[in-house]
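Taking it in order: structure first as structure tokens, then the write-up.
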Amino acid sequence: MTTEHKGSCLCGGIQITFTGAPKKNFICYCSDCRKGSGHLGQFISQYDSDDVKVTDKDSNLKEFVVTATKSGFPKRKQYCGGCGSTILTLPMKHNGEVAMVRPSLLDSDFSQFAPNLGIFGDVKTEYTKGCETDEFF
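Sequential numbering of the sequence shown, starting at 2, is according to the numbering used here.
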């Protein structure tokens, strides 16, 4: 039996379902993910595009194409036009066959999607130089 994972954007206008286990779970610290998430990095799971279904009854799904990428290939970032939540990224390096989904959109426990890899960690280190790790306030 294949497991389905269901979630939605913040406003609920877009539903997402991903089927089965991800190929990878990671945190990306590149500047695109930093700016897109409003944080130091973005929590991402990699799936085959065929295993991801987006339901958008009200045509809220919008797309922004990032052309200046480290790989040299554009990536299509899809988001909700109603609330701004990033839904998924389609890196064109993989001809649209790979979907990078946000497990934080799941409606239930996403602990099984804990990242086990970080990419662009050198960028994270640059942003956090001098930060104390035990107490911030």
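The beta-carbon is built from N, C-alpha and C at its ideal position, and this holds for glycine as well.
Give the secondary structure of G13 by DSSP, where H, G and I count as helix, E and B as strand, and everything else as coil.
-> By one-based count along the sequence shown, residue 13 stands at place 12. Here G13 sits in coil by DSSP.
Below 8 Å, can you find three or more Cβ-Cβ pairs linking the stretch 5 to 17 to the stretch 102 to 118?
-> The stretch 5 to 17 vs the stretch 102 to 118: in contact.
C-alpha distance - G97 paired with C29, whole-angstrom precision = Looking up residue 97 in the sequence shown gives position 96. Looking up residue 29 in the sequence shown gives position 28. Looking at the two C-alpha atoms, the distance is approximately 19 Å.
Who are D49's beta bridge partners in DSSP?
-> The count along the sequence shown starts at 1 and reaches residue 49 at position 48. Note: D49 sits in a beta bridge opposite V99.
Which whole-angstrom value describes the C-beta separation of L91 and R77, a residue pair presumed to lie in contact below a C-beta threshold of 8 Å?
-> Taking the sequence shown and counting its residues from 1, one reaches residue 91 at position 90. Taking the sequence shown and counting its residues from 1, one reaches residue 77 at position 76. With a Cβ gap of about 4 Å, L91 and R77 count as contacting.
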